[in-house]
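The next block holds one structure in the form of structure tokens; read it before the comments.
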Amino acid sequence: MNSKKLQNFPVLIGLCGVASLVRAESPLLEAWPTSGSSEFAAVFETNESEGEVIIWPSESLRNTNTNGGQEIPVLADVQRVEHSDDWVYVYSTGLASHRMGPWYFDNGSIFGNWPTDQNLITQLPKNPVEATEKVTNNLGALGIWVNGVALFNMLDGFSYSNADGEDVQGGPGDAEGGAGGDAGGPPGGGPPDGGGAGGPASGDGIWVRNAMLAEIETFDSGNAHQPQSGEYHYHANPTALRVQLGDNMVYDEVTDTYSEDTSDLTHSPILGYAFDGFPVYGPYGYSNALDSSSNVARIRSGFQVSDGSNGTVNMNTDGRKVLPDWAADFHETDAVLSEDLYGPDVDDQYPLGWYIEDHAYLGDLGFTQGVDFDLDIYNGRFCVTPEYPEGVYAYFSTIAEDGSPEFPYVVGRQWYGEVVGGLVDQVTEDVELYYARGDNTRLANISSRASVDTGENVMIAGFVLEGEIDKEVLIRGIGPGLSDQGVDGYLENPTISLVNSSNEIVASNVNWEESDNASEIAELAFELGAFALEEGSSDSVLYASLSPDLYTVVLSGVNETTGVALAEVYDADLDWESDELANISTRAQVGAGEDVAIAGFVIDGDEAKTVLLRGIGPSLEDQGVTDYLSDPLLTLYDDEGEAIYENDDWSENANTDEIEEAVSASGAFEITSGTADSVLLVHLQPGAYTVHLSNVGTELGVGLVEIYEIQ
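Note that the sequence shown ends on residue 1619 in our numbering; no numbers are left out.
Quick look at the structure:
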């Protein structure tokens, strides 16, 4: 199969498939939103950022990550859902499609930990049951939010030490790393109560620090941050996720703030699942737990601070000398503490609420659940919900009357159910696919020609393999081979590396003829219609069988040499029968003449396809691009080189309503009506096509070419 080559100056090429869904058996399968699954995760690095970036952090910014942030683009949200008779498996990057960042300390300096792709597989039971013996949740993830982000509890890894007269970090092994780890210090230690794999805590293990007070300064506006491992997570009230799910909350883009909207309350949706398999709802539910016709109201936590009201000890005046009943039972100690276990006096440094033991449970003080408060000591209740009309035990993400997070925030100090789920490295049983971002998408052969520099300006081409089976792929990094095509200044000795979504280099090559399978590569290239490489050339080639994943091809010069090079990716499964088109996008420096951006794609098969083509310039300003293409012109050419469609200023199209529907269906970001961006929505027969993006006028600028299949 011959394919017209893509010649352009890209920063990135991404391929995104079409989502596949089958009928669900339970809310546990239906809970995962997928509209953001084809978007690249992006962050605002600072308050001064003009837009989001998909590779971070910039060299000028503080970076204390153990793995350095995100060096290649990665997709957001949940990517795949599988299930068996007993289990559901959720694949996610752990990064959100909503706005992430920026992150600061309260002194205005940059918080140095950055979110990073976690490549998670979460296993959840379909049939959760109450635990006969309740299990303590310690640091790290204790569940998953529906966007695939980790769900953490109220801990931060520190407890008070009377010997030291201050809060100190736990022993080795904490997943969270404490405020020291979260705030850029050394990775943390064991659970502050002394339990779990982390070993004994360094502090007394009684007065355990509350992350919502101790760490909130480093949260972004969506109430999330990350330790040095880059594990983005919410400890409480995931406001940005709630806006995405329509959970009685609004967002002010100008001030980057979230606020409750109680004008027309509706029952909160499922926000996540704990590892015991029970759902986590937002803060609003039926006022009568077992009556779906009762009013929707804020679900009230069963905890309050010990300020002397409702029969609590007044820690403001009496100090931290007596534990609430639940805490004494939990720590297996007397409520009245010995002097060597006192906590510090309540003051500005250790305000009331600073420790989890500052909170008393109303059920221990003679108050009644369902009357005076709504949730049990695990922060849940048995109730009916829209998703579970017959009733289910459910946790709630609790908030106070003013909308601030309310202790214990999501899940109490122990899970309610048997904790049989969690994070796994792989799926070891036969499963059925429920959802995959892209359903066995045909990878159209693509190529990208660019000027290769050094450092961050090497060539990066990304592609996605969808489906459930491995695929044979041929990848070429051409330098000297361009000389026969009349290209001057080519890259004399290119090297290519293939990186998976876990940032692991899975293959690399320099000088293709030194490969063990060089003869097979040459034969395959001929069968695929790729031009032949000269014997003895220093071009680079990889031929590999790859499992479904997001991949990045990094093309650079040996010894940091520079020059023009061509990256090519071919689907090498010659007998693969499908007419699916892989969506691609190319961001490039666009000039005039030979320096226009050119994206190529192939519709392979017997059926025509509806395709959305976009040439974005001005709308890149919202993504932080300042030198964007001011007035892009989009032209589509067939395989004979004939211009068949053209657009300048997308709002002038006769089918703008259909275009807006196609944008929504494809998951592409919206562009404002009246901008000078260019868009085409066309129906194309099988064949090879090229899209040229140029500028009306002669000035240079950054432009983005996007190609989406619309079904």
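Glycine included, each C-beta is placed from N, C-alpha and C at the ideal position. None of these values were measured; they are calculated from a predicted model.
| said: Considering only DSSP beta bridges, list what Arg988 is partnered with. | reply: Answer is Tyr999 and Ala1344.
Check: If you run the structure through DSSP and keep just helix, strand and coil, what is Leu1249?
Finding: Look at Leu1249 here: in three-state DSSP terms it is helix.
task = With a cut-off of 8 Å on the beta carbons, I'd call Leu1331 and Lys1379 a contact; round off their distance for me.
result = Actually they are not in contact, since the Cβ atoms of Leu1331 and Lys1379 sit about 27 Å apart, beyond 8 Å.
Looking at the unbroken beta strand (DSSP E) that takes in Gln1277, where does it start and where does it end? Element bounds for Gln1277: n/a, residue is neither H nor E.
Just how far apart, CA to CA, sit Gly925 and Tyr1616? At Gly925, the pLDDT of 32 sits below 50, so the modelled position is not reliable; the number obtained from the coordinates is stated separately. Going from the Cα of Gly925 to the Cα of Tyr1616 covers about 9 Å.
Around the Cβ of Gly1089, are there at least 16 other Cβ atoms within 10 angstroms (buried) or fewer (exposed)?
In this prediction, Gly1089 scores a pLDDT of 34, lower than 50, which makes its location untrustworthy; no coordinate-derived value is stated.
* Spatial neighbours of Trp1558 in its chain, beta-carbon cut-off 6 Å, leaving aside the 5 residues before and after -> Excluding positions up to five away in sequence, the list reads Asp1585, Ser1586 and Val1587.
Report back the beta-carbon spacing between Gly1227 and Tyr1250 to the nearest angstrom; my notes put them in contact at under 8 Å.
With a contact defined as Cβ atoms closer than 8 Å, Gly1227 and Tyr1250 qualify at about 7 Å.
If the criterion is Cβ atoms closer than 9 Å, does the pair Pro1036 and Val951 meet it? No Cβ-Cβ contact shorter than 9 Å links Pro1036 with Val951.
**Asked** Going by beta carbon distance, what residues of the same chain come within less than 6 Å of Val1414, once the five residues before and after it are set aside?
**Response** So the qualifying residues of the chain are Leu1406 and Asn1408.
Can you name, in chain order, every residue of its own chain whose Cβ lies under 8 Å from the Cβ of Thr1534, other than the five neighbours on each side? In chain order, Glu958 place their CB closer than 8 Å to the CB of Thr1534, counting only its own chain and leaving out the 5 sequence neighbours on each side.
Candidates Ile963, Tyr1342 and Glu1428: which alpha carbon is nearest Tyr997's? The shortest Cα separation from Tyr997 among Ile963, Tyr1342 and Glu1428 belongs to Tyr1342.
Report the option in Asn1045, Ala1440, Val1221 and Leu1003 whose CA atom is closest to the CA atom of Val1327. Cα-wise, what sits closest to Val1327 is Asn1045.
> Taking just the CA atoms, how far does Ile1506 sit from Gly1609?
Replying inline: Roughly 14 Å between the two C-alpha positions.
Buried or exposed: Thr1174, going by 16 or more other Cβ atoms within 10 Å of its Cβ?
Classification of Thr1174: exposed, given that the 10 Å Cβ count is below 16.
Does the distance from the C-beta atom of Asp985 to that of Ser1005 stay below 9 Å?
Cβ distance < 9 Å, so Asp985 and Ser1005 count as in contact.
Through-space distance from Asn1419 to Gly1389, alpha-carbon basis: If you take the alpha carbons of Gly1389 and Asn1419, they lie about 12 Å apart.
How long is the line joining the alpha carbons of Asp1310 and Val1504, rounded to whole angstroms?
Roughly 54 Å between the two C-alpha positions.
Where in the segment 1408–1495 do unbroken runs of the alpha helix (DSSP H), each at least 4 residues long, occur, reported from the N-terminal end onward?
DSSP runs (the alpha helix (DSSP H)) wholly in the segment 1408–1495: 1426–1436.
- Query: Can you list the beta strand (DSSP E) stretches of 3 or more residues lying completely in the segment 1256–1337, in chain order?
  - Reply: Every beta strand (DSSP E) stretch that sits fully inside the segment 1256–1337 and reaches 3 residues is listed by chain position as 1267–1269, 1288–1291 and 1300–1304.
Under 9 Å between C-beta atoms of Trp995 and Pro1033:
Contact: yes.
- Task: For Asp1064, name the three-state secondary structure that DSSP assigns.
- Result: Correct three-state label for Asp1064: strand.
Notebook entry, point to check: What are the partner residues of Phe1238, as DSSP defines its beta bridges?
Noted result: Under DSSP, Phe1238 forms no beta bridge with any residue.
So what does Leu1601 bridge to, in DSSP terms?
According to DSSP, residue pairing for Leu1601 in a beta bridge involves Ala1505 and Leu1542.
Practice task
Give me whichever residues DSSP pairs with Glu1038 in a beta bridge.
Solution key: Bridge partners of Glu1038: Gly1325.
How many Å lie between Leu937 and Asp1333 at the Cα?
-> The C-alpha of Asp1333 is placed about 20 Å away from the C-alpha of Leu937.
Restricting to runs no shorter than 4 residues, where is the alpha helix (DSSP H) found entirely within the segment 1127–1163? Annotation: the segment 1127–1163 contains the following complete segments of the alpha helix (DSSP H) (minimum length 4 residues), in chain order: 1147–1153.
Q. Straight-line CA distance for Leu1149 to Ile1124?
A. The alpha-carbon atoms of Leu1149 and Ile1124 are separated by roughly 17 Å.
Between which two residues does the beta strand (DSSP E) holding Pro1033 run? Element bounds for Pro1033: Leu1028 to Pro1033.
- prompt: Which whole-angstrom value is the C-beta distance of Ile1404 and Leu1450, which I expect to be below 8 Å?
  reply: Confirmed, Cβ separation roughly 6 Å.
| message | Taking 8 Å as the cut-off, does the segment 1190–1207 touch the segment 1237–1246 (at least 3 CB pairs, one atom from each stretch)? | response | The segment 1237–1246, when compared against the segment 1190–1207, does not touch it at the 8 Å Cβ threshold.
* Asked: Since Gln1031 contacts Thr1001 with CB under 8 Å, what's their CB separation in whole angstroms?
  -> Going by Cβ atoms, the distance from Gln1031 to Thr1001 rounds to 17 Å, so no, they are not a contact pair.
Which whole-angstrom value is the C-beta distance of Gly1394 and Ser1446, which I expect to be below 8 Å? Their Cβ separation, rounded to whole angstroms, is 19 Å, which puts Gly1394 and Ser1446 out of contact at 8 Å.
Q.
Between Tyr1269 and Tyr1324, how many whole angstroms is the CB-CB distance? I'm expecting something under 8 Å.
A. Incorrect: roughly 14 Å between the Cβ atoms, too far for contact.
Measuring only the C-alpha atoms, how far is Ala1302 from Gly1278? Distance between the alpha carbons of Ala1302 and Gly1278: 14 Å.
When you compare only the Cα positions, how much space is there between Pro1630 and Glu1314?
-> With the chain running from 909 to 1619 in the structure shown, residue 1630 is simply not present.
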